[in-house]
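Here is the structure we will look at, set down as structure tokens.
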Amino acid sequence: MSWRIWPEGARRRRHEVTEEIVIEPIREDHVEGFREALDIVARERKYLVFLEAPPVEAMLSFVRDNIAAGHPHMVAVADGRVVGWCDIRRGTRDAEAHSGVLGMGIVPGYRDRGLGRRLMLAALESAKAAGIHRVELHAHADNFRAIALYEKVGFLHEGVARDAIRIDGRYIDSVLMALILE
Numbered sequence: 006m007s008w009r010i011w012p013e014g015a016r017r018r019r020h021e022v023t024e025e026i027v028i029e030p031i032r033e034d035h036v037e038g039f040r041e042a043l044d045i046v047a048r049e050r051k052y053l054v055f056l057e058a059p060p061v062e063a064m065l066s067f068v069r070d071n072i073a074a075g076h077p078h079m080v081a082v083a084d085g086r087v088v089g090w091c092d093i094r095r096g097t098r099d100a101e102a103h104s105g106v107l108g109m110g111i112v113p114g115y116r117d118r119g120l121g122r123r124l125m126l127a128a129l130e131s132a133k134a135a136g137i138h139r140v141e142l143h144a145h146a147d148n149f150r151a152i153a154l155y156e157k158v159g160f161l162h163e164g165v166a167r168d169a170i171r172i173d174g175r176y177i178d179s180v181l182m183a184l185i186l187e
């Protein structure tokens, strides 16, 4: 399953070349690009609990595990480069196997084009098909753009963990949000 996405506002004319963004399930050959995208977003030190990407070997293990376990994991690819991702990791214990935790990111230059929403909807569709009933996420409380996106998709606020994150000596609250897939 893959989706073809044209940048918002782009008009396709017969002779006009427009950048194509493909959303598809992750494959092992995406690992280096996924790691690079994660590293770019992590090093911004604003959106993730990662401050840099793990080594390629750890990323390969993560991706292989996601594929083998059937965890939804979508990537957005533009000109052969991973520019975004959305994954949902199912709970490992029997009593939590009905739910998963969502993680996502978009590299700068590809934000504010509707790509995050499309990635998330593709991952949620895959989660529903995999029998996942509940999807939760944690967002930095000062990441207003992401929180607004999650709300638009239907995620509800469930709580706030005060000072849950510390980056460069600054404490940040973490907002817990969840969506029940029906």
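Counting in my numbering, the sequence shown runs from 6 upward without gaps. For each residue, glycine too, the CB sits at the ideal point set by N, CA and C.
Opposing strand residues paired with residue i [DSSP bridges]
i: residue 110; result: 90
i: residue 30; result: 79
i: residue 104; result: 139
i: residue 164; result: 181
i: residue 176; result: 171
i: residue 35; result: According to DSSP, residue 35 bridges with nothing at all.
i: residue 144; result: 180
Residue i, buried or exposed, once every other Cβ within 10 Å from all chains shown has been counted against 16
i: residue 1; result: Missing from the structure shown is residue 1; the chain here goes from 6 to 187 and no further.
i: residue 81; result: buried
i: residue 176; result: exposed
i: residue 61; result: exposed
i: residue 129; result: buried
i: residue 131; result: buried
i: residue 56; result: exposed
i: residue 98; result: exposed
i: residue 68; result: buried
i: residue 36; result: buried
Chain-order list of residues whose beta-carbon lies under 6 Å from that of residue i (same chain, five-residue window excluded)
i: residue 42; result: 87, 112
i: residue 104; result: 96, 139
i: residue 94; result: 76, 105, 106
Close beta carbons around residue i, own chain, < 7 Å, minus the five adjacent residues each side
i: residue 110; result: 42, 43, 46, 52, 53, 89, 90
i: residue 178; result: 146, 165, 166, 167, 168, 169
Distance between beta carbons of residue j and residue i, contact taken as under 8 Å
i: residue 144; j: residue 180; result: 5 Å
i: residue 184; j: residue 149; result: 19 Å between Cβ atoms; not a contact.
i: residue 64; j: residue 39; result: 6 Å
Residue i to residue j span [Cα, whole Å]
i: residue 186; j: residue 162; result: 15 Å
i: residue 30; j: residue 117; result: 22 Å
i: residue 11; j: residue 59; result: Note that residue 11 has pLDDT 42, beneath the 50 cutoff, so the model's placement of it is unreliable and the number below is only indicative. The alpha-carbon atoms of residue 11 and residue 59 are separated by roughly 31 Å.
i: residue 74; j: residue 101; result: 15 Å
i: residue 49; j: residue 66; result: 24 Å
i: residue 114; j: residue 83; result: 11 Å
i: residue 126; j: residue 70; result: 22 Å
i: residue 33; j: residue 171; result: 32 Å
i: residue 124; j: residue 156; result: 15 Å
i: residue 158; j: residue 174; result: 32 Å
i: residue 182; j: residue 28; result: 24 Å
i: residue 134; j: residue 142; result: 19 Å
i: residue 72; j: residue 85; result: 20 Å
Cutoff 8 Å; reference residue i; Cβ partners in own chain excluding five residues on either side
i: residue 121; result: 89, 91, 109, 111, 151, 154
i: residue 136; result: 103
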